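Below is one structure, written out as structure tokens; the observations come after it.
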Amino acid sequence: MVDDCKSLDELWVQVRELNKRYFPDNSLAPIVGDGKTQKPKVMFVFINPTSRNISSDPSWQGPRFPFIGTKQVWRVFNKAGLFDDRLLAQINRQPTWSLVFTNHVLRFLRQNGLYFTNIVKWTGHDAALPDAEKVKLFLPILEKEIALVKPETIVTFGLIPFEKLTRQKIKLNDYYSEAMRTRRLKTYELKIGSQPAEVIPCYFPIGRGNPKRAVELLNLLKNR
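Right, dumping it as structure tokens:
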């Protein structure tokens, strides 16, 4: 089971099994995590993927990680100094991502110590938030993923992953105001497995979130 997984590949087998067992009618493939898979500087935890991610197509033969084939989130990361100008220019020019280009992006994440994942590894057809049962089902997967990857810092986008990981409640507006005043990001300690990590909450960077404020908070990562 999940606790017995010794590698991410073994963990992804469990993800696929959970999706088959609980969501047999979903035609979309689950999106897992990828990037620098051993002790990245930052693990970015999103909520759940949608069909806009081209790797949700079961016939996709490449890596699967959040936001493959999309544009807006990469623009946010670029504005925050976390994503390459040349790669973003290619994203803005081309209508879709090739497998070769996807691997270029993955190589960039790995070389820069970044890792992308979701709390819920079930893919929806729209951007609706996952219900509490899906979050509960997949939270042990994320916790095991953290134990295997051992990130130094975890940035959670939206309150769902922050509250489930830290078991704490905050108001993002208050957190943002304090961060802008002090130019520092308050961290929340998390220990899963043998290595502690620091958790930083952030606005969701697209859609229902606040991209502008997400950029401002992400820009402060370099001050740590």
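Counting in this note's numbering, the sequence shown tops out at residue 231, every number present.
Note that the Cβ used here is the ideal one computed from N, Cα and C, for glycine as well.
Keep in mind that this is a model prediction, so the values were computed, not measured.
With a cut-off of 8 angstroms on the beta carbons, I'd call residue i and residue j a contact; round off their distance for me.
| i | j | result |
| --- | --- | --- |
| Val-83 | Val-222 | 6 angstroms |
| Phe-108 | Gln-97 | 6 angstroms |
| Thr-57 | Thr-130 | 7 angstroms |
| Cys-12 | Lys-143 | Not a contact, Cβ separation roughly 19 angstroms. |
| Leu-146 | Lys-171 | 5 angstroms |
| Leu-121 | Pro-47 | 6 angstroms |
| Tyr-183 | Arg-220 | 6 angstroms |
| Asn-226 | Ala-87 | 5 angstroms |
| Val-80 | Pro-212 | 5 angstroms |
| Leu-228 | Val-49 | 7 angstroms |
| Lys-4 | Glu-185 | The requested residue 4 does not occur in the structure, where the chain is confined to residues 8 to 231. |
Report all residues from its chain with a CB closer than 8 angstroms to the CB of residue i; omit the five preceding and five following residues, and keep chain order.
| i | result |
| --- | --- |
| Gly-216 | Phe-164, Gly-165, Tyr-210 |
| Leu-15 | Val-39, Gly-40, Thr-44, Glu-152, Leu-155, Val-156 |
| His-132 | Leu-35, Thr-57, Ser-58 |
| Trp-3 | This structure leaves residue 3 out entirely; the chain is present only between 8 and 231. |
Let me know if residue i comes out buried or exposed under the rule of 16 or more other beta-carbons within 10 Å of its beta-carbon.
| i | result |
| --- | --- |
| Ala-135 | exposed |
| Ser-63 | buried |
| Pro-73 | buried |
| Lys-141 | buried |
| Pro-31 | exposed |
| Asn-99 | exposed |
| Pro-102 | exposed |
| Phe-110 | Sequence inspection shows Asn at residue 110; the Phe mentioned does not correspond to that position. Flag for Asn-110 reads exposed. |
| Ala-139 | exposed |
| Pro-208 | buried |
| Asn-26 | buried |
Take residue i and list the residues in its own chain whose beta-carbon comes closer than 6 angstroms to its own, dropping the five residues that flank it on each side.
| i | result |
| --- | --- |
| Phe-51 | Phe-123, Val-162 |
| Ile-167 | Ile-54 |
| Val-20 | none |
| Thr-189 | none |
| Arg-71 | Ile-38, Val-39, Ser-62 |
| Ala-204 | Pro-158, Ile-161, Leu-197 |
| Leu-106 | Gly-69 |
Sorted by chain position, which residues of the same chain lie with C-beta nearer than 7 angstroms to residue i's C-beta, five sequence neighbours on each side aside?
| i | result |
| --- | --- |
| Arg-117 | Gly-42, Lys-43 |
| Gln-202 | Lys-157 |
| Val-112 | Leu-94 |
| Thr-173 | Tyr-195, Leu-197, Val-206 |
| Gly-214 | Ala-134 |
| Trp-104 | Ile-61, Ile-75, Gly-76 |
| Phe-115 | Asp-91, Leu-94 |
| Lys-176 | Glu-170 |
Measuring from the CB of residue i, is there a heavy atom of the ligand GTP at a distance below 7 angstroms?
| i | result |
| --- | --- |
| Pro-212 | Looking at this structure, you won't find the ligand GTP or any other ligand, since it has none at all. |
**Request:** Pair every Cβ in the stretch 159 to 167 with every Cβ in the stretch 25 to 40, then say whether three or more of these pairs are closer than 8 angstroms.
**Result:** No, they do not touch.
**Entirely enclosed beta strand (DSSP E) segments - the stretch 135 to 188, minimum 3 residues** = Counting only runs of 3+ residues, the beta strand (DSSP E) found wholly inside the stretch 135 to 188 occupies 160 to 164, in chain order.
**Prompt:** If you scan the stretch 76 to 134 from start to end, which runs of the alpha helix (DSSP H) of 4 or more residues do you find wholly inside it?
**Reply:** Listed in chain order, the complete alpha helix (DSSP H) runs (minimum 4 residues) inside the stretch 76 to 134 are 79 to 86, 92 to 100, 106 to 118.
**Message:** Ignoring anything shorter than 4 residues, give me the alpha helix (DSSP H) runs that lie fully in the stretch 10 to 60, in order along the chain.
**Reply:** Every unbroken stretch of the alpha helix (DSSP H) spanning 4 or more residues and falling wholly within the stretch 10 to 60 is given here in chain order: 15 to 29.
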